[in-house]
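Working notes, structure below.
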Amino acid sequence: MFDKFFPDEYVASTYVIPFEKLYEKGYRGVIFDIDNTLVPHGAPADERAKKLFVKLREIGFDSCLISNNQEPRVRMFNEEIGTHYIFNAHKPSRKNYRKAMEIMGTDCSNTLFVGDQLFTDVYGAKRTGMYNILVKPIHPKEEIQIVLKRYLEKIVLYFYKKKQKRLKNS
Numbered sequence: 000m001f002d003k004f005f006p007d008e009y010v011a012s013t014y015v016i017p018f019e020k021l022y023e024k025g026y027r028g029v030i031f032d033i034d035n036t037l038v039p040h041g042a043p044a045d046e047r048a049k050k051l052f053v054k055l056r057e058i059g060f061d062s063c064l065i066s067n068n069q070e071p072r073v074r075m076f077n078e079e080i081g082t083h084y085i086f087n088a089h090k091p092s093r094k095n096y097r098k099a100m101e102i103m104g105t106d107c108s109n110t111l112f113v114g115d116q117l118f119t120d121v122y123g124a125k126r127t128g129m130y131n132i133l134v135k136p137i138h139p140k141e142e143i144q145i146v147l148k149r150y151l152e153k154i155v156l157y158f159y160k161k162k163q164k165r166l167k168n169s
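Quick note on numbering that gives the first Met the number 0: the sequence shown kicks off at 0 and runs consecutively.
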């Protein structure tokens, strides 16, 4: 029932993802959410985020930010990053996941998505057919509509973890 919201992978942080190994597996594009995926909600790019994007370029990845935020927020974050971006993305709509791949010259088979929300980020990536990684939110302070969704996410993640445990034990 909840499977359509289950991430392909669930990790503690964007900053522990083994991007080198993913590149070796054939991935060439990475699409990122911004808030609570790369930095706390509303924050500018910090040193960790800047270093990540330098590292991704060195590995050979192209990248794109897709955010439901308006352009000033996304542009402000991207000033220090210097990658492609799409604002007001209407996630989980597939349109801008596809547009991001078009911009990077990639497709579903060699693009992955990283985000912190199940019902927008992961669900949109799954609907588009791309590999997706859910990360734990960086900071607990969030807008009220996100706080409400987090309660529902806890239910879905309970069943996700239960399924993962069952798969591991079989």
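Every residue gets a Cβ at the ideal spot worked out from N, C-alpha and C, and that includes glycine.
Per DSSP, cross-strand counterpart(s) of residue i
| i | result |
| --- | --- |
| Cys-63 | Ile-30 and His-83 |
| Glu-8 | Ile-132 |
| Val-38 | Asp-34 |
Residue span of the beta strand (DSSP E) that contains residue i, given as start and end
| i | result |
| --- | --- |
| Arg-111 | Before going on, a small fix: residue 111 reads as Leu here, not Arg. 110–114 is the extent of the beta strand (DSSP E) around Leu-111. |
Per-residue DSSP class, three states only, for residue i
| i | result |
| --- | --- |
| Asp-120 | helix |
| Pro-71 | helix |
| Lys-54 | helix |
| Ala-48 | helix |
| Asp-2 | helix |
| Glu-23 | helix |
| Ile-170 | For the chain, the structure presents residues 0 to 169; residue 170 sits outside this window and is missing. |
| Lys-167 | helix |
| Lys-160 | helix |
| Lys-125 | helix |
| Lys-148 | helix |
Limits of the unbroken alpha helix (DSSP H) element including residue i
| i | result |
| --- | --- |
| Tyr-14 | That residue, Tyr-14, is in no alpha helix (DSSP H); it is neither H nor E in DSSP. |
| Glu-101 | 94–103 |
Exercise. Any contact of the segment 85–100 with the segment 3–21, i.e. 3+ C-beta pairs under 8 angstroms?
Worked result: no
Exercise. With contact counted as at least three CB pairs below 8 angstroms, one residue from each stretch, are the segment 110–119 and the segment 19–29 in contact?
Worked result: yes
Exercise. Between the segment 36–56 and the segment 128–137, do at least 3 Cβ pairs fall closer than 8 angstroms?
Worked result: yes
Problem set entry | Touch test, the segment 96–108 against the segment 60–73, Cβ-Cβ under 8 angstroms, three pairs minimum | yes
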